[in-house]
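Top line first, the protein sequences correspond to chains A and B.
Numbering-wise, my numbering puts 262 at position 262 of the first sequence, and it's gapless, one number per residue.
Numbering-wise, my numbering puts 170 at position 170 of the second sequence, and it's gapless, one number per residue.
Yeah, the Cβ is synthetic: ideal placement off N, Cα and C, and Gly gets one too.
No experiment lies behind these values; they were computed from the predicted model shown.
Data first, discussion second: the structure below is written as C-alpha cells.
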Amino acid sequence: MDQAASATMLHRGEVPAWAVNLGVGIVIAALIPVSISFDKYIDNYVLDVLIRIGVAIILAVSLNLINGITGQFSLGHAGFMALGAYTGGVLLKHYQHQIHGALLPPVFIGVTILGGLVAAIAGLIVGIPTLRLRGDYLAIATLGFGEIITVVLNQIESIGKFEVGGSAGLHNIPHVTNFFWTYAWVVICVVVIARLVYSAKGKPFFAVREDEIAAAAMGIDTTYYKVAAFVIGAFFAGVAGVLSATLSGNLDPGDFNFVKSIVIVVMVVLGGSGSITGSVLAAILLTYLPEQLRAFEDWRLVIYALLLIVMMLVRPEGLLGNRELWWKRKTAMV
Amino acid sequence: MALLEIKNLGIEFRGLRALSGFNFALDQGELVGLIGPNGAGKTTVFNIVTGVYRPTAGDVLLDGKSIAGMKPFRVNRRGIARTFQNIRLFGGLSVLDNVLIGFNQSVAHGFLGTLVRSRRQQMEERLHEEEAIELLRTFDLVDRLHDSARTLAYGPQRRLEIARALATRPKVLMLDEPAAGMNPQEKMDLMELIGAVRRKFNVGIWLIEHDMKLVMSVCQRMTVLDHGETISVGTPQQVQDDPKVIEAYLGKAEV
Chain A
1 MDQAASATML HRGEVPAWAV NLGVGIVIAA LIPVSISFDK YIDNYVLDVL IRIGVAIILA
61 VSLNLINGIT GQFSLGHAGF MALGAYTGGV LLKHYQHQIH GALLPPVFIG VTILGGLVAA
121 IAGLIVGIPT LRLRGDYLAI ATLGFGEIIT VVLNQIESIG KFEVGGSAGL HNIPHVTNFF
181 WTYAWVVICV VVIARLVYSA KGKPFFAVRE DEIAAAAMGI DTTYYKVAAF VIGAFFAGVA
241 GVLSATLSGN LDPGDFNFVK SIVIVVMVVL GGSGSITGSV LAAILLTYLP EQLRAFEDWR
301 LVIYALLLIV MMLVRPEGLL GNRELWWKRK TAMV
Chain B
1 MALLEIKNLG IEFRGLRALS GFNFALDQGE LVGLIGPNGA GKTTVFNIVT GVYRPTAGDV
61 LLDGKSIAGM KPFRVNRRGI ARTFQNIRLF GGLSVLDNVL IGFNQSVAHG FLGTLVRSRR
121 QQMEERLHEE EAIELLRTFD LVDRLHDSAR TLAYGPQRRL EIARALATRP KVLMLDEPAA
181 GMNPQEKMDL MELIGAVRRK FNVGIWLIEH DMKLVMSVCQ RMTVLDHGET ISVGTPQQVQ
241 DDPKVIEAYL GKAEV
C-alpha cells in the first residue's frame with residue numbers, strides 16, 4: 001500500500017500555521033493573569049519550584065539542541081548559564097535604585113536578552129575552535145570551558161564600579177523574575193527550537209548528528225550548523241541564567257560548576273536525546289522529584305541516583321527516545 | 001570543454017604515491033566506469049574529486065573552474081554528488097527526511113520565515129516534499145517514507161543513497177561501488193536503474209565497480225586503474241581485450 005500518494009496527504013488534518021502562531025500568542029498573553037493570580041494565591045515555595053522547573057526546561061531544551069539534536073556532546077552548559085546569570089545579576093543589582101515601576105519590565109526584557117547574547121557570544125568563541133573536536137574530546141574541552149568560567153568568577157570582585165562579588169558571591173539581586181517572565185521564555189525557547197529543527201532549514205542539525213561526512217557530501221556546512229547549535233543553545237542558557245539569578249537573588253560561582261552541567265545533561269538523556277518534549281518532561285520530573293524526596297533527607301540523593309540507574313536499565317533510550325509527544329508526523333524520526 | 005575534467009591528478013600520503021598522472025573527462029549524460037583491482041586507488045580518486053583529500057598534483061575542473069582542494073560541502077554545491085562504498089545514510093532519520101536533507105541547498109526562505117512558519121516556507125516545504133516523494137517513487141521506496149533508513153534492507157539502502165545524492169541536484173553523480181554486496185539479480189536491477197537515472201536526470205554518472213562484467217554492460221567508456229596508475233582507457237570492448245588489464249586482474253601469463 002502506498003503510505004502517501006502525495007505531500008498533500010502528508011499534511012491532512014494539520015493545524016494551519018497562523019492558528020498555531022495565534023495559539024502561541026494567546027498562551028503567552030494568558031500567562032499574565034495566571035502569573036498575577038499565582039503571585040496572590042499560591043504558596044511561595046510552590047511558586048519557587050514552578051519557576052525553577054521553568055528554568056530547568058529552558059536549560060534542558062537548549063542543551064538538547066546541542067547534545068541530542070546536533071550530537072555535539074557538551075558539558076559546558078552551566079558555564080553559559082553563569083555568563084547570563086552574572087550579566088543579569090550584576091546589571092540589575094547595580095541599577096536597582098534607578099529602575100522601578102513601569103521601567104522595570106522593559107529593562108528586564110532587555111537585560112534578559114543581553115544575558116542571552118553574552119552567553120551566545122561565548123558560545124561562538126568557544127564553538128569555533130573546539131568544534132574540530134569530536135565526542136569525548138569535545139566533552140572535555142567544554143567541561144574545561146565551564147570550569148574556567150567558574151574559576152574566573154571566583155576571582156573577580158568587581159569590574160569597574162560594578163560589583164561581581166568574587167568567591168563570596170553576589171547577593172541582594174532584585175527578585176524581578178516571576179511566573180510570567182519564566183514561562184514566556186519557556187514558550188519562546190521551546191517554540192523556536194522545535195520549529196527550527198523540524199523544518200527544512202533545521203533538518204541539517206540532525207544530519208550532522210547522524211553522519212558528518214555524509215552531511216558534508218550533501219552540501220551541508222557542518223561547522224556552520226555546529227556553531228549555530230552552540231550559539232542558539234548558549235543564548236537560551238544565558239536567558240535561563242538571568243531568570244534564575246533574579247529568582248533567588250543570590251549568585252555563587254559554585255552554583256555553576258560541572259555538577260550543574262551534568263544535571264542538565266542527565267535531563268536531556270533521561271528525556272531522550274533529540275526529543276524536545278522529552279527534555280521538557282525530564283526537566284519537570286528531575287526538578288520536582290528532589291523536592292518530593294526532601295522527606296527522606298539524607299537518602300534523597302541516593303534515591304535520586306538509584307532512580308536514574310533503574311531508568312537507564314529499563315529505558316536506555318530515555319523517556320521518549322527520539323520521538324516527540326505530539327506533532328507526530330513532523331518528526332518522522334524513529 | 002567537458003563537464004568534469006581531471007588533469008594529471010596525483011596524491012601522495014607521506015611519500016607513498018597513491019595516485020599519479022590521472023586524466024579523465026566526463027560529459028553531461030555520459031555513464032563512465034572506473035575499475036581496477038582492490039587497492040588500485042579508485043576510491044582515492046573519488047575522495048580527491050569530492051574534496052575529502054587535497055591533491056598533491058594536477059587539477060580538477062568542473063565547468064572549466066577548478067574545484068581541487070575545496071571542502072566537500074562546497075564541491076557538492078558546485079554540482080557533484082556522491083555515494084559511499086560503505087553506505088552512509090542518516091540511519092536514525094526517516095527515508096523521506098534523508099532525501100529532504102538533500103534539498104537543503106534549495107531552501108530559499110530565511111530563519112525568520114522558519115520561526116513564524118511563513119506561507120512561503122510552508123509552500124516551499126510542501127514543494128520539496130512532493131519532489132522528494134516523486135524521487136522516491138523512481139527508486140521504488142515510496143512505501144517506506146516514514147521508516148527509519150536504518151531499517152531498510154541492503155539493496156533499498158543503496159537505492160536511497162543514490163536518491164539522496166540526486167536530491168542535491170548534481171551535474172555529476174559519483175557512485176562508489178553501488179552494487180557491492182548485492183546478489184546478481186539485484187545488481188542487474190540496479191544497473192538498469194542507473195541507466196534510467198542517467199536518461200531521466202541527464203546527469204553525468206561516474207561509477208566505481210569491481211565486477212567487470214557488470215560495468216561492461218552499461219558503461220560507454222571506462223578507465224582502469226592499478227597501483228594508482230591508469231593502465232587502460234577506452235570502450236568496454238577495448239579495455240576488455242587490453243593485455244595490461246588482463247594482467248592486472250588475472251596476473252601475468254606464464255610463458
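- methionine 222 (chain B) lies in the beta strand (DSSP E); which residues open and close that run? 221-226
- Cβ-based contacts, 7 Å cut-off: residues of the region 169-199 of chain A near chain B: Here the close residues are Val192, Arg195, Leu196, Ser199.
- Cβ pair alanine 119 (chain A), alanine 283 (chain A) closer than 8 Å: no
- Message: Assuming the contact rule is C-beta atoms closer than 8 Å, glycine 88 (chain A) and threonine 112 (chain A) should be a hit. Round their C-beta distance to whole Å, please.
- Response: Indeed, because the Cβ distance is near 7 Å, the residues count as touching under 8 Å.
- Do glycine 274 (chain A) and methionine 81 (chain A) have their CB atoms nearer than 8 Å? no
- Do valine 95 (chain B) and leucine 141 (chain B) come within 8 Å of each other at the CB atom, strictly closer than that value? Yes.
- Query: If we cut at 8 Å on Cβ distances, does isoleucine 213 (chain A) have a partner in chain B?
  - Reply: For isoleucine 213 (chain A), the nearest beta carbon of chain B is closer than 8 Å to its own beta carbon.
- Span separating the alpha-carbon of asparagine 154 (chain A) from that of phenylalanine 256 (chain A): 11 Å
- Any residues in the region 53-76 of chain B with a beta carbon nearer than 9 Å to a beta carbon of chain A? Which ones, in chain order? Flagged, chain order: Lys71, Pro72, Phe73, Arg74, Val75, Asn76.
- Let me know the secondary structure DSSP gives threonine 70 (chain A) once reduced to three states. coil
- Task: Verify the CB distance criterion: does isoleucine 220 (chain A) have a CB-CB separation below 8 Å to chain B?
- Result: yes
- Query: So with Cβ pairs under 8 Å, would you call arginine 158 (chain B) a contact of chain A?
  - Reply: no
- Which word fits threonine 235 (chain B), buried or exposed, when buried means at least 16 other C-beta atoms lie within 10 angstroms of its C-beta? exposed
- Query: Taking the C-alpha atoms as reference points, what is the distance between glycine 115 (chain A) and valine 239 (chain A)?
  - Reply: One C-alpha to the other measures close to 6 Å.
- Message: What would DSSP say about glycine 89 (chain A), mapped onto helix, strand or coil?
- Response: helix
- Task: Report, in whole angstroms, the separation of the C-beta atoms of glutamine 72 (chain A) and lysine 226 (chain A), which I expect to be a contact under 8 Å.
- Result: Distance from glutamine 72 (chain A) to lysine 226 (chain A) at the Cβ level is roughly 6 Å; contact confirmed, criterion being Cβ atoms closer than 8 Å.
- Quick one: is glutamate 157 (chain A) near chain B, going by C-beta distance under 8 Å? No, glutamate 157 (chain A) lies away from the interface with chain B (no Cβ there is under 8 Å from its Cβ).
- Residue from A:Leu117, A:Lys203, A:Gln96 with nearest C-alpha to serine 106 (chain B): A:Lys203
- What residue does the beta strand (DSSP E) around lysine 7 (chain B) start on, and which one ends it? Counting along the chain, the beta strand (DSSP E) containing lysine 7 (chain B) begins and ends at 4-13.
- Query: Do the CB positions of valine 32 (chain B) and arginine 221 (chain B) come within less than 8 Å of each other?
  - Reply: yes
- Between which two residues does the beta strand (DSSP E) carrying valine 142 (chain B) extend? The continuous stretches of beta strand (DSSP E) do not include valine 142 (chain B), and DSSP gives it neither H nor E.
- Compare the C-alpha of isoleucine 6 (chain B) against each of B:Val49, B:Arg14, B:Arg17 and name the closest. B:Val49
- Message: Tell me which residues share the same chain as lysine 71 (chain B) and place their Cβ nearer than 8 Å to its Cβ, disregarding the 5 neighbours each side in the sequence.
- Response: The residues are Gly51.
- So which residues of chain A does arginine 198 (chain B) contact, with C-beta pairs closer than 7 Å? Near arginine 198 (chain B) there are no residues of chain A at all, since even the closest Cβ is about 20 Å away, more than 7 Å.
- Item | valine 151 (chain A) versus A:Gly160, A:Gly169, A:Leu301, residue with shortest Cα-Cα distance | A:Gly169
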